[in-house]
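Residue numbers (my numbering), protein chains in the order written: chain P, 1 to 278; chain V, 1 to 302. Note that CB positions come from ideal geometry on N, CA and C, so glycine has one too. Source: prediction; values computed, not measured. Each remark here refers to the structure printed beneath this line.
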């Protein structure tokens, strides 16, 4: 039995190493000169070229990656805030109130949860063009305030979580004469913090990683996010400094990695409890 | 007595109205969003698929777009490639996820750390940064070929080679099996250990307990993961767009790439919408088949 376990650990360690090897290579490559990056024998850089970060940061004329990072944070944080407000509001009645057509709306919610997003790509683009929203962040941010985009997943996750909060808590409040808005605000919301945290993290991760929507709706380089900036860099990078490209790639995934290591329980439990996509 | 009853029902009716009003106020943002940003575009895309559109005008052409699709070799190839991608990558991803979840299931030492590491690719796999990395892993002078060089093999440009381009994207997709694994892991934890003990008492070995307990008890979660991954992988876009750009020779020109190309490069919104609907029908049919067969292999308690 013991021997079996040792073998298992050896296998798992090797497996994890193999899985992460490309990432380690990317990280170390971001400190290397071009001629060393693709060499298998030099795992560590022989001389550390920290300059790659400086070169990459200013690789795109007129703008630095600083602009793209600020843009990304503005965009992603707006989406997260919108998602949190709209999804908790929508979840409350499903979890706590008996109202007309509840079953119908719930069925529709579940339907949109399964609806492949690609079907909405073109008509949404036409709608947002007509509204004059293209070329701005509006098509990405405003749907989040109305619990759309990945909203259905989060509403569902929140409903499940709210159902787990003991009903005695709100019954006591009803006896005290509290209405639904007070119950929602004073009782449910403080108890929903873990779920809100998970939703916030996932919404951050998905909108940070999102590429297709940003590609379609954001036009000006001054509005580019990190994803778009990196893609611009990649397309211009036929013969450039790979180290610098790797350096910016590392920076692009850094916010997610930091968040993940700070709050991994919320990530993993969030996936496990709801079976989210991703 | 009867007075009181009337009073109570009146009050509860008033309460009901109040409840309904409150409920719909809470739901208002979602409902508005649902109609404006989901239902209306959904119906509109069906309408669009019956239109012939170009930069200047659009006119109703009935099912013409759909008939044209069947004569469009690029579309047929694109559909075939997408289906191939889904049918290879989803089972592979789920098998990996299940296998590793089984290894990790008992509260073993270091389980936490393994789980943390294995989830990382799911976290960042869809990003542009990883596309950059993948391009350099499998390129002509990439890391894989430098590695093969040590053993005296000369590797090709895996991304530019029509025979292997799809494979590099499948590997990238399977690499992100962590989120499925986490779902399996939580499912495995919910299987009561008494079942395994009973199986042991009956003389069942590890293989027997896997086939008679683990698989049936886990089958609802396998179904869930299967459907989720199928729907997602039919819509593969970003990595193919960045790494292979749909090429070489359209070998990785997945449906959403072709839709994007028709809609945003050629501005044929109607034709692209017909493609979207065709893809939707294929997704619905595939998940429908999965659900239908699930009655045979998914075990529900009680």
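(message) By alpha-carbon positions, which one of V/18, V/256, V/101 ends up nearest to residue 213 of chain P?
(response) V/256
(message) Once DSSP output is grouped into helix, strand and coil, what is the label at residue 214 of chain P?
(response) helix
(request) Helix, strand or coil for residue 1 of chain V, going by three-state DSSP, please let me know. (result) Note that residue 1 of chain V scores a pLDDT of 42, beneath 50, so its modelled location is shaky and nothing firm can be said.
(request) Give the DSSP bridge partners of residue 58 of chain V, in chain order. (result) V/53
(message) Only counting the same chain, and skipping five residues up and downstream in sequence, which positions put a Cβ closer than 8 Å to that of residue 249 of chain P?
(response) 26, 30, 230
(message) Against chain V, which members of the region 192–205 of chain P pass a CB distance test of less than 8 Å?
(response) 205
(message) Between the alpha carbons of residue 227 of chain P and residue 234 of chain P, how many angstroms are there, rounded?
(response) 10 Å
(request) Return the residues of the region 100–116 of chain P that lie within a Cβ-Cβ distance of less than 9 Å from chain V, sorted by chain order. (result) So the list reads 100, 102, 105, 108, 109, 112, 114, 115, 116, given in the order they occur along the chain.
(request) Measuring alpha carbon to alpha carbon, tell me which of V/294, V/85, V/231 ends up nearest residue 164 of chain V. (result) When only C-alpha atoms are compared, the closest one is V/85.
(request) Would you be able to state if there are at least three C-beta pairs under 8 Å between the region 205–217 of chain V and the region 91–103 of chain P? (result) no
(request) Please classify residue 15 of chain V: does DSSP put it in a helix, a strand, or coil? (result) helix
(request) Pull up the distance between the alpha-carbon of residue 222 of chain P and that of residue 67 of chain P, whole angstroms please. (result) 7 Å
(message) Against residue 249 of chain P, what residues of chain V qualify as contacts under a CB-to-CB distance less than 7 Å, listed in chain order?
(response) 129, 132, 133, listed in chain order.
(message) Is the beta carbon of residue 185 of chain V closer than 8 Å to that of residue 104 of chain V?
(response) Cβ distance < 8 Å, so residue 104 of chain V and residue 185 of chain V count as in contact.
(request) Report the residues of the region 29–52 of chain P with a CB closer than 7 Å to any CB of chain V, ordered along the chain. (result) 38, 39, 40
(message) I'd like the ranges of any beta strand (DSSP E) spanning at least 3 consecutive residues and lying wholly in the region 242–271 of chain P.
(response) none
(request) Identify the continuous alpha helix (DSSP H) that holds residue 244 of chain V and give its terminal residues. (result) Note, residue 244 of chain V: premise wrong, no alpha helix (DSSP H); not H, not E.
(message) Restricting to Cα atoms, I'd like to know which of V/254, V/112, V/119, V/160 is closest to residue 96 of chain V.
(response) V/119
(message) Quick check on residue 47 of chain V: buried or exposed, where buried means 16 or more other Cβ atoms within 10 Å of its Cβ?
(response) exposed
(request) Pick out whichever of V/281, V/274, V/284 has its Cα sitting closest to the Cα of residue 61 of chain V. (result) Closest option to residue 61 of chain V, Cα to Cα, is V/274.
(message) Measuring only the C-alpha atoms, how far is residue 251 of chain V from residue 78 of chain V?
(response) 8 Å
(request) Please check if any C-beta of chain V sits within less than 8 Å of the C-beta of residue 260 of chain P. (result) Chain V contact via Cβ: present.
(request) Could you name the residues of chain V that residue 227 of chain P contacts, counting a contact when the two beta carbons are closer than 8 Å? (result) 127, 128
(request) For chain V, find out if any of its Cβ atoms is closer than 8 Å to the Cβ of residue 231 of chain P; answer yes or no. (result) yes
(request) Between the Cα of residue 67 of chain V and those of V/291, V/49, V/56, V/110, spot the shortest distance and give me the residue it belongs to. (result) Of the listed residues, the one whose Cα sits closest to residue 67 of chain V is V/49.
(request) Closer than 7 Å by beta-carbon distance: list the chain V residues that pair up with residue 147 of chain P, in chain order. (result) 29, 30, 33
(request) Return the first residue and the last residue of the alpha helix (DSSP H) that residue 95 of chain V is part of. (result) 73–104
(request) In the DSSP assignment, find the alpha helix (DSSP H) that holds residue 168 of chain P and state where it starts and stops. (result) 168–175
(request) Could you give the DSSP three-state label for residue 187 of chain V: helix, strand or coil? (result) helix
(message) I need the boundaries of the alpha helix (DSSP H) containing residue 201 of chain V, first residue and last residue.
(response) Unbroken alpha helix (DSSP H) run through residue 201 of chain V: 193–201.
(request) Identify whether residue 205 of chain V lies in helix, strand or coil by the three-state DSSP scheme. (result) coil
(message) For residue 109 of chain P, tell me which candidate among V/168, V/39, V/154, V/124 has the shortest Cα-Cα distance.
(response) Comparing Cα-Cα distances from residue 109 of chain P to each of V/168, V/39, V/154, V/124, the minimum goes to V/39.
(message) Cβ closer than 7 Å: which chain V residues qualify as neighbours of residue 178 of chain P?
(response) Correct list: empty, because the minimum Cβ distance to chain V is about 12 Å.
(message) Along the region 12–26 of chain P, where does the CB come closer than 8 Å to a CB of chain V? Name the residues.
(response) Under the 8 Å Cβ criterion, the region 12–26 of chain P contributes 12, 15, 16, 19, 20, 22, 23, 25, 26.
(request) Specify whether the region 136–146 of chain V and the region 259–267 of chain P touch according to this definition: at least 3 beta carbon pairs, one from each stretch, less than 8 Å apart. (result) no
(message) Quick check: what's the CA-CA separation for residue 148 of chain P versus residue 30 of chain V?
(response) Here the alpha carbons of residue 30 of chain V and residue 148 of chain P stand approximately 7 Å from one another.
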